[in-house]
């Protein structure tokens, strides 16, 4: 994977590997561990998924502050700290015998996730490479997109072999190992020593307020759907008619969809404005939920849903990083984007519990219908953002 010209050799590969591991051992953890935790502890599904929701709340509360820290100190310190916090959180989860300790562990994990997942990696790249970071942002998502494909089956295997508590201790060791990857981030920035020459911080184009609101709505809905699907994709597919084993196998293929779509973007995406790519990405998401609605869900429908949702979500992740590069100044990328992402984390925190309640109260098909409505609103917002960006 070739990095942008201003980025150190090997950095993109290191960060891509980091994202593959870090997403797998943190954000996607609940999707495969929840059932085992419920069976062993006797806690309710709401109590167990509530920990994941708490982590997302923490991500929202600290988002702007972490972004400001990245602007000041760079990605090496922030992401390395995230590695250590993740290791501590996984260890604490493994030892939890009370809900108090369980929720404390998830709060730590939420802090870790905000420190070492995509948004921090994007800000670190923007700090180093400025607008030249766009190709690198696409490249690091190639490996990161395979996190669910690798870690859902791997986590399921570990739990069957060692039990969920010991499996989490293995995750803690893996988290510590990511320090080696994060220490490769250089402590430099693209505007070092040239800020005065560049003049004041560049403001967004003339549609500043509307574009900012549209961008915030898109990433908020994307975060909500991603949180909901990460926690309940397997359960929803099972509720629509698939066996649990087949649902796990097919749901894991969302990562293949993510990486395949991102690979297309790497080869052809430079020709597209980020707003155009965002419009194409959000158009895929409603289509994915439409494919899943006919019941009972069969092999072809389940495969189509996983691949299409993965492709749309994978591209939206890229545009979440690349759109701000053309809308805002890269010197304040971390802080500004951190503020705009904060509502998304807070709304997404309600998604696991809300979708669990919806599925229990209404069933899997109506719950998919709600997801379809949210995805459609994203597409409409993206269409308006595309129009404003093109006319700017």
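Numbering (the working numbering), first residue to last: 2 to 393.
Backbone N, C-alpha and C fix where the C-beta goes; we use that ideal spot for every residue, glycine too.
By alpha-carbon positions, which one of 62, 97, 314 and 70 ends up nearest to residue 149? 314
Within 10 angstroms of the Cβ of residue 167, are there 16 or more other Cβ atoms? Answer buried if so, exposed if not. exposed
Inter-residue spacing [alpha-carbon to alpha-carbon] between residue 27 and residue 349: 15 Å
Just reading off the alpha helix (DSSP H) that residue 273 is part of, what are its end residues? Run containing residue 273: none; DSSP gives neither H nor E here.
Decide yes or no for the touch test of the region 254-264 against the region 305-312: beta carbon pairs closer than 8 Å, at least 3 of them. yes
Could you tell me how far apart the beta carbons of residue 254 and residue 304 are, in whole angstroms, since I believe they sit closer than 8 Å? 7 Å
So which of 337, 272, 317 and 156 has the shortest CA-CA distance to residue 249? 156
Can you give me the Cβ contacts of residue 371 inside the same chain, cut-off strictly under 7 Å, excluding the 5 residues immediately before and after it? 359
Are the CB atoms of residue 373 and residue 247 within a distance shorter than 9 Å? no
The alpha helix (DSSP H) spanning residue 217 covers which residue range? 209-240
Note down the Cα distance separating residue 269 from residue 214, rounded to an integer number of angstroms. 28 Å
By a C-beta neighbour count over all protein chains shown, 10 Å radius and 16 as the cutoff for buried, is residue 73 buried or exposed? exposed
Would you check if the distance between the CB atom of residue 279 and the CB atom of residue 235 is smaller than 9 Å? no
Please name the residue, chosen from 338, 275, 55 and 176, that lies closest to residue 89 on a Cα-to-Cα basis. 176
N- and C-terminal bounds of the alpha helix (DSSP H) containing residue 296: Segment: none, residue 296 is in no alpha helix (DSSP H) and carries neither H nor E.
Just to confirm my understanding: we take residue 195, look at its own chain, exclude 5 residues before and 5 after, and list those with CB closer than 6 Å. What are they? With a pLDDT of 39 at residue 195, under the threshold of 50, the predicted position of this residue should be treated as unreliable, though the coordinate-derived value follows. The answer is none, since no qualifying residue turns up.
Using beta-carbon positions only, say whether residue 118 and residue 222 come within less than 9 Å of one another. no
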